[in-house]
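Per full-length UniProt numbering, residue 1 is the first one in the sequence shown, and the count goes up by one each step.
We put the beta carbon where it would ideally sit given N, CA and C, even for glycine.
Here is the structure we will look at, set down as structure tokens.
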Amino acid sequence: MIVACLNGEFTLKRYILKGEQVILRPENEAFSDIPVSPKAEFEIWGVVIRSVWMF
């Protein structure tokens, strides 16, 4: 799971690398994979290692 900025928008997705193609995969299966174009502005900001929930 990564925190990334794709074309100016932040997102939290799974990082999949298929050959040369980067794919961002959401945890929610109701949403589609996002292929990252080589022309896209794409930057990985970090890797999620923990999640804290407060109720």
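Whether residue i touches residue j by CB criterion (9 Å)
i: S32; j: P26; result: yes
i: C5; j: F55; result: no
i: V47; j: I2; result: yes
i: F10; j: W53; result: no
i: K13; j: I34; result: yes
Other residues of its chain near residue i: CB distance less than 6 Å, five sequence neighbours each side excluded
i: V22; result: V36
i: Y15; result: I2
For residue i: DSSP bridge partner residues
i: K13; result: I2
Proximal residues to residue i (C-beta, below 7 Å), its chain only, five neighbours per side dropped
i: A40; result: L6, N7
Only counting runs of 3 or more residues, tell me where the beta strand (DSSP E) segments fall wholly within the stretch 15–50, in order along the chain. Listed in chain order, they are 21–25, 34–36, 42–47.
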